[in-house]
Amino acid sequence: MKTALKITSCLSVILALSLIYYLIQELIDGMSIVEIDFMPALITLIIISNAVLGFYLLIGKLKPMKPLLVLQILIIIPTCLLIYEFFLKPPMGCS
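According to the numbering used here, the stretch in the sequence shown is residues 8 to 102, in order.
Next comes the structure, spelled out in structure tokens:
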């Protein structure tokens, strides 16, 4: 279980960093902070808090527990789909 927690924690941190990178790119391209809706902001906060939780597990501040593993997996799966939508899926164009 410790290995699975380390893998999910590393994955949580990497996914949160890539999501933050995408958000920064959007802000650089001209989007303002006021244009961000409530639900995407809430989802981003949940993903970042999951990354912080994973970081604390990696450095040993939290003891490994099975509910934390389940929580991280439940957050990682939709985050992977979100990252797929942002980076790998081509944008829909008007034709």
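For glycine and all other residues, C-beta sits at the position ideal for the given N, C-alpha and C.
**Prompt:** If we ignore side chains and look at the alpha-carbon of each, how far apart do L78 and V59 end up?
**Reply:** 13 Å
**Message:** Please list the terminal residues of the continuous alpha helix (DSSP H) segment that includes G67.
**Reply:** Here G67 belongs to no alpha helix (DSSP H), and DSSP marks it neither H nor E.
**Item:** Backbone CA spacing between E92 and S56 [nearest angstrom]
**Value:** 21 Å
**Request:** Give the secondary structure of M46 by DSSP, where H, G and I count as helix, E and B as strand, and everything else as coil.
**Result:** helix
**Request:** Round the Cβ separation of L18 and I83 to the nearest angstrom and send it over; I've been treating them as touching at under 8 Å.
**Result:** 6 Å
**Asked** By the 10 Å Cβ neighbour count, where 16 or more other Cβ atoms means buried, how is V41 classified, buried or exposed?
**Response** exposed
**Asked** Out of I27, A48, G61, which has the shortest C-alpha to C-alpha gap to L76?
**Response** Ranking I27, A48, G61 by CA distance to the CA of L76 puts G61 first.
**Prompt:** CB-CB under 6 Å to L89, same chain, minus the five flanking residues each way: which ones, in chain order?
**Reply:** none
**Neighbour-count burial assignment, S16, 16 or more Cβ in a 10 Å radius** = buried
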